[in-house]
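Note sheet for the following structure.
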Amino acid sequence: MNFQVNLQGVIDLLSNHLYSDPGVFVRELLQNGVDAITARKKLGEPFDESVKVEVFSSYTISFTDSGSGLTEEDIEQFLARIGSSAKRDNLDAADDYIGQFGVGLLACFVVSDEIVLITRSALGGDALEWRGRPDGTYVIKKVKRQVPIGTTVYLKAKANYEEYFEYYRIRGLLNKYGKYLKTPITLTEDKYEQTVNVPQPPWEMEKQEAMAAYGGS
Numbered sequence: 622m623n624f625q626v627n628l629q630g631v632i633d634l635l636s637n638h639l640y641s642d643p644g645v646f647v648r649e650l651l652q653n654g655v656d657a658i659t660a661r662k663k664l665g666e667p668f669d670e671s672v673k674v675e676v677f678s679s680y681t682i683s684f685t686d687s688g689s690g691l692t693e694e695d696i697e698q699f700l701a702r703i704g705s706s707a708k709r710d711n712l713d714a715a716d717d718y719i720g721q722f723g724v725g726l727l728a729c730f731v732v733s734d735e736i737v738l739i740t741r742s743a744l745g746g747d748a749l750e751w752r753g754r755p756d757g758t759y760v761i762k763k764v765k766r767q768v769p770i771g772t773t774v775y776l777k778a779k780a781n782y783e784e785y786f787e788y789y790r791i792r793g794l795l796n797k798y799g800k801y802l803k804t805p806i807t808l809t810e811d812k813y814e815q816t817v818n819v820p821q822p823p824w825e826m827e828k829q830e831a832m833a834a835y836g837g838s
């Protein structure tokens, strides 16, 4: 199957004009995760909010969120919406979460030749695996193993972008884009897990607590 747009042209636009730093794929994946968690909250069922990032060998990383997940219809929808906008800001945040998800996902093609997405929707249905490539081809299949509600994105660095998949670079990008997000963000490498963001932004803390946490008098 194929995307209904000139995907390579959109990727060129992203890399050459909209995204000056290839590392913004981290920002986009974090935002996708936070948006998915916000969408799941609206369903009213309690769950543990989290975005988990893991760095593997061979310049491979994964981003896992405990958000609403995607149905096959959702996947087809974000593929269709990619053609109408190549930038998140052009989509209404409240009314087009799925469209924003697709645009955010596209940023990954700047640094990777394939996106592997494993997802299970909070609305029910089968867990799904979606594999997409920058030439516009993609495959969707059902996943037989048990998959928790949410979405995991796997990326492997393409040539000349390996540095963006190194542990310390990823940690720096997560700190840059996610430090003050309310959703807990963790980074794992070789079973060592650390929390990236602060539990509460300093501007929401009482003055004395903020001074104690961040220094000052």
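Each residue of the sequence shown is one higher than the one before, counting from 622 in this note's numbering. The beta carbon of each residue, even a glycine, is placed where N, CA and C say it ideally should be. Since we're looking at a predicted model, the values are computed, not measured.
Which residues does DSSP list as the beta-bridge partners of I770? I770 pairs with nothing; no bridge assigned.
Reducing DSSP to helix, strand and coil, say where K797 ends up.
helix
Going by CA-CA distance only, name the one from G644, Q652 and D642 that's closest to K803. Q652
Practice problem: Check whether the segment 807-815 touches the segment 761-781, counting contact only when three or more Cβ pairs, one atom from each stretch, lie closer than 8 Å. | Solution: Not touching, per the Cβ criterion.
request  = Please confirm whether A657 and D695 have their CB atoms less than 8 Å apart.
outcome  = no
If you draw a straight line from the C-alpha of E735 to the C-alpha of G654, how long is it? 19 Å
Which whole-angstrom value is the C-beta distance of L727 and T692, which I expect to be below 8 Å?
-> Contact flag wrong, Cβ pair sits at about 20 Å.
Under three-state DSSP, which class holds V819?
coil
Exercise. Give the DSSP-derived three-state secondary structure of D695 in the structure shown.
Key: Note: D695 maps to helix in three-state DSSP.
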